[in-house]
Amino acid sequence: MKLHAADVSFAYGRREVLRGLDCELADGAITAIVGANASGKSTLLRAMARLIEPQSGSVLLDGTPIGKVPTREVARRVGFLPQSPVAPEGLTVGDLVARGRYPHQRLGRPQSAHDRERIDWALSATDTTALRDRPLDQLSGGQRQRVWIAMVLAQDTPVLLLDEPTTYLDLAHQLEVLDLLAELNERDGRTIALVLHDLNQACRYADVLVAMRDGAVYAAGPPAEIVDATLVAEVLDLRAEVIEDPVSGAPLCIPLDRAARAAVMRPPAVRATSSS
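Next comes the structure, spelled out in structure tokens:
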């Protein structure tokens with residue numbers, strides 16, 4: 391399944407966020423989107439999920455403008471986890487995860503055995519089964535994040551768009567979530583795009599890296615082919631060395647220490663001249 395943002399521009403009022411951006415998700419691959427704050431990463435995902443309509447250009451789902459695809463059909467094919475999801479008060483974990491099955495259910499029909507199996511699997515995959523009857527407002531931030539991920543997994547779509555899915559999670563749970571997404575990709579061939587702030591995690595898990603700067607794609611390709619010190623400086627405004635990760639072989643970003651960063655950023659001294 392192909393999802394393609396073609397020459398997309400979008401603005402919030404007078405503030406242009408996306409500028410003629412072109413980004414096609416590699417079918418059956420994991421794409422990580424990285425960039426500085428306010429570079430347009432979240433807006434790109436929202437456009438691809440049909441939550442916002444571009445002012446120009448279009449988002450194509452298998453070649454069809456996504457705005458012309460029925461809403462329920464989009465929800466069956468594209469799952470989306472926003473950066474800061476909000477649920478109605480009083481909802482339990484089980485209630486929220488069950489909502490992921492709504493696109494597959496007919497109005498007024500009870501859950502099928504398949505629906506219940508997918509809900510149970512999503513809870514188990516995110517280690518939230520024991521929380522099933524707990525109200526969401528009694529959970530920690532990390533627990534809530536895993537429950538939201540479970541809801542998107544229960545939706546069981548061939549395309550997953552996740553905006554900072556590791557937010558609020560400790561390192562062990564971050565890696566569990568990323569390992570799960572990698573497993574879904576390898577086992578089912580799901581197309582996955584996720585916004586990550588950790589460049590090293592993005593390089594380790596992604597087949598394709600999309601680096602954004604000022605609302606446009608600065609570079610895109612396999613991490614090993616595009617990530618170097620220049621990209622890190624231009625995209626993240628960070629002075630660093632990029633070496634090979636001794637574990638994964640992916641690019642590994644090592645920020646320079648404070649003194650070295652200051653020396654790199656310091657303007658050249660003006661040489662004094664003597665008068666005679």
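Under this note's numbering, think of the first position of the sequence shown as 391, with each following residue one higher.
Backbone N, C-alpha and C define an ideal beta-carbon position, used for all residues, glycine too.
Local Cβ density within 10 Å of residue i, reported as buried at 16 or more and exposed below that
{"i": "L552", "result": "buried"}
{"i": "R462", "result": "exposed"}
{"i": "S446", "result": "exposed"}
{"i": "I456", "result": "buried"}
{"i": "A627", "result": "For the sequence presented, residue 627 should be read as Asp rather than Ala. With fewer than 16 other Cβ atoms within 10 Å, it is exposed."}
{"i": "S429", "result": "buried"}
{"i": "T454", "result": "exposed"}
{"i": "P460", "result": "exposed"}
{"i": "P658", "result": "For P658, the predicted model reports a pLDDT of 47, less than 50, meaning its position is unreliable; a value from the coordinates is still stated below. Exposed."}
{"i": "G499", "result": "A quick correction: the sequence has Arg, not Gly, at residue 499. Exposed: under 16 other Cβ atoms inside 10 Å."}
{"i": "P613", "result": "buried"}
{"i": "L411", "result": "buried"}
{"i": "R534", "result": "buried"}
Beta-carbon contacts of residue i that lie in its chain and below 8 Å, excluding the five residues immediately before and after
{"i": "G611", "result": "V598 and L599"}
{"i": "D510", "result": "T519"}
CB-CB length for residue i against residue j, believed under 8 Å
{"i": "T518", "j": "V537", "result": "5 Å"}
{"i": "I616", "j": "E631", "result": "Contact flag wrong, Cβ pair sits at about 16 Å."}
{"i": "L526", "j": "L559", "result": "The Cβ separation is near 16 Å, so there is no contact."}
{"i": "D358", "j": "R508", "result": "Not covered by the structure: residue 358. The range shown for the chain is 391 to 666."}
{"i": "V407", "j": "G532", "result": "That belief does not hold up - the Cβ atoms of V407 and G532 are roughly 29 Å apart, past 8 Å."}
Other residues of its chain near residue i: CB distance less than 7 Å, five sequence neighbours each side excluded
{"i": "P472", "result": "D553"}
{"i": "A609", "result": "A601, I616 and L621"}
{"i": "G484", "result": "R522 and D523"}
Residue from the options whose Cα sits closest to the Cα of residue i
{"i": "T433", "options": "D417, V398, D560 and G453", "result": "V398"}
{"i": "L481", "options": "K458, T516 and L529", "result": "L529"}
{"i": "R575", "options": "N590, L559 and P548", "result": "It is worth fixing the name first, because residue 575 is Asn in this sequence and not Arg. Here the closest residue by C-alpha is P548."}
{"i": "R496", "options": "P641, R629, E479 and R466", "result": "R466"}
{"i": "R629", "options": "V637, P636, A619 and D635", "result": "A619"}
{"i": "E624", "options": "I633, E634, L543 and V607", "result": "V607"}
{"i": "E573", "options": "N590, L561, P493 and L543", "result": "L543"}
Cβ neighbours of residue i in the same chain (closer than 6 Å, five flanking residues each side left out)
{"i": "L571", "result": "I582"}
{"i": "R656", "result": "With a pLDDT of only 49 at R656, under the threshold of 50, the placement of this residue in the model should not be trusted; the figure read from the coordinates follows. Closer than 6 Å at the Cβ level, and outside the excluded window around R656, lies no residue."}
{"i": "Y470", "result": "Before going further, note that residue 470 is Phe rather than Tyr in the sequence given. Contacts found: A439 and L551."}
{"i": "K431", "result": "I423, G425, V585 and M602"}
{"i": "V449", "result": "A395, A437, M438 and I456"}
{"i": "L568", "result": "Y595"}
{"i": "S638", "result": "R594"}
{"i": "G579", "result": "G418"}
At least 3 beta-carbon pairs within less than 8 Å: the region 414-423 vs the region 579-589: yes
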